[in-house]
Structure formats: C-alpha cells, structure tokens
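What the sequence shown shows, in our numbering, is residues 19 to 259, in sequence order.
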Amino acid sequence: MSFSKIVYVFLSVCLVFTWAGSQPLGKLPTDLEFLSFMSNSRVNLQANPDQSIECFNYYIPKINNIAQNYSADLSKCADTSGTAQKSAEDATLEQRITLAHAVNASCEVLNKCQESATVSDIFQCYINEGSQQAKALYGVSTNATMQLSDLVETLRRIQSEEAACSTQAKVKYERDSAAAYADLNSCILGNSNIPTTTTTTTTSTEVFSTSEITNVPTTSESTTIPTTINPDEDPDKLQRK
C-alpha cells in the first residue's frame, strides 16, 4: 500500500471528526472517545483504509446525528424552563396589582392633606395619616416579601428541573455516542459488517468516497457504499492525482 493512501486516510479521519464535532453544543465528551478510537484502530486504518472509509461513511453521519439530537434535547430543556419561569412570573400579576393599589391608596390619602382648610390642619393631617399609612405600607412590604419568597422557590424548582433534564440529555448523548464509536471501531477492526439498508428509495450520505482513492466510479442508485478497488491501478498514481 502506498504512503499516499495512508496519508489520505489519516487526513480524512481528521477532517471527518472535525466535521462531526463542529456542533454548537459547548463541551461535549467526544475528545476522549476519539482518542480511544484512534488508539484502538490505528493499525487497521493503515492496513485496510478502504474498509475504514466505508465504515466512516456509514457511522460518522450517525455520530453527527447523535450530537444534533443532543443539541435539540438541550434546547428543549431550556425552552421548557423558560416557559415555566414566565408562567410563574405571570401568575403573580394579580398580587402585584393588589400591592400597587394599596400603595396608591396610601399616597392618595396623604396627598389629600394638602386640601385641608388651614396650615395647621395640613400638618396635623400628615401627622395622623402618616402614621396610619406607614402601617399600611409596612403591610405592603410584608406581603411583597412573602410573595417574592414563594416566587423564588418556584423559580428554583424550575431551574432544578431544567438541570435534571439537561443531565438526562447528557447521559443519553454519552451512552449513544459511546455505542456509535464502539460500532465504528468494530467495523474498522473487521469484527462487524456495515449494516445494509432494506430499501432502495433512499441514499445514505457519504462523508467521502473510495472513488477518491481508487478512481472507481460509485453508483448513485445503490444504498450501500462500494467496497471494490481496482487492483490494476498503480497506487503511486494517486499521489499525482
């Protein structure tokens, strides 16, 4: 096997995993899986690059789909939490209106002191009503404190549920991703065959094709990835291509 073919396979592997890991998911636990995969499959990648490419063409889209599903699950957790928080805040509207009415009522009483007949009566009104309305406003403060405490507890519970949802999504992603990497590694090692589709109406997405190495044309009507290599073709020509 020519050196150019080995180089091509390893460059292709790097490009494929860069593409598969480019989802905007934040920190995903793919690095260790990739390093483990490369360590376990390095010899077979060199010994049988064409089979390895066929394995990549089948499993890399599956790995990418798992990552996309994880992103969607995280978004769903965040959207559900956002909706719940807004509902909890909207539910306090009546309480907030009641507090506002109480404050306005107290202010209205104090404002009427200006309408007293004499200056002495004005001051006396502020003295009398100020004390009474201070009690009313203290009640407003007490009620607001209690209502805020209830709201904070509700929001804390919602955030806790979002964290649990995100954790479940992460566990599912790690489980599915690990299984996909294991299947890919098994395929490259030759311990398992590439699953074949039972319908010819769909075409699997190829990350790259063996025709780039062997110059054997692929058939777009087939749902399986070509596995034949032209034995008559000089591998050194690949470097010139």
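C-beta: ideal position from N, C-alpha, C; glycine also.
Nothing here was measured: the structure is a model prediction, and the numbers come from that model.
Taken atom to atom, the span from the alpha-carbon of residue 161 to that of residue 77 is near 60 angstroms. Taking all protein chains shown into account, residue 156 has fewer than 16 neighbouring C-beta atoms within 10 Å of its C-beta and is therefore exposed.
When only Cα atoms are considered, residue 186 and residue 179 end up about 11 angstroms apart.
Contact between the region 192–208 and the region 94–105 is absent, with fewer than three C-beta pairs closer than 8 angstroms. In this structure residue 211 is exposed. Its beta-carbon is surrounded by fewer than 16 other beta-carbon atoms within 10 angstroms.
DSSP places residue 140 in the uninterrupted alpha helix (DSSP H) bounded by 137–206. With 16 or more neighbouring CB atoms inside 10 Å of its own CB, residue 67 falls in the buried class.
Contact holds between the region 189–196 and the region 71–87, because three or more Cβ pairs, one in each stretch, are under 8 angstroms apart.
Under the 10 Å beta carbon count, residue 205 is surrounded by 16 or more other beta carbons and is classified as buried. If the five residues before and after residue 106 are omitted, its C-beta is found closer than 8 angstroms to the C-beta atoms of 169, 172, 173, 176, all from its own chain and listed in chain order.
Excluding its 5 nearest sequence neighbours in each direction, residue 124 has C-beta neighbours in its own chain below 6 angstroms: 151, 154, 155, listed in chain order. Here residue 142 is exposed: its Cβ has fewer than 16 other Cβ atoms, across all protein chains shown, within 10 Å. Assigned with DSSP and collapsed to three states, residue 212 falls in coil, not helix or strand. It is roughly 10 angstroms from the alpha-carbon of residue 122 to the alpha-carbon of residue 116. Comparing alpha carbon positions, the residue from 182, 73, 88 closest to residue 195 is 88.
Looking at the backbone, the Cα of residue 138 and that of residue 109 are separated by about 46 angstroms. Taking C-beta separations shorter than 7 angstroms and ignoring five residues to either side along the sequence, the partners of residue 131 in its chain run 140, 143, 144, 147, following chain order. Just measuring C-alpha positions, the residue of 73, 95, 72, 75 sitting nearest residue 181 is 95.
Taking 7 angstroms as the cut-off, the beta carbon of residue 158 is found closer than this to the beta carbon of residue 120. When the beta-carbon positions are compared, residue 92 and residue 167 stay at least 7 angstroms from each other. From the listed residues 164, 208, 80, the smallest Cα separation to residue 113 is found for 164.
If you draw a straight line from the Cα of residue 127 to the Cα of residue 136, it is about 17 angstroms long.
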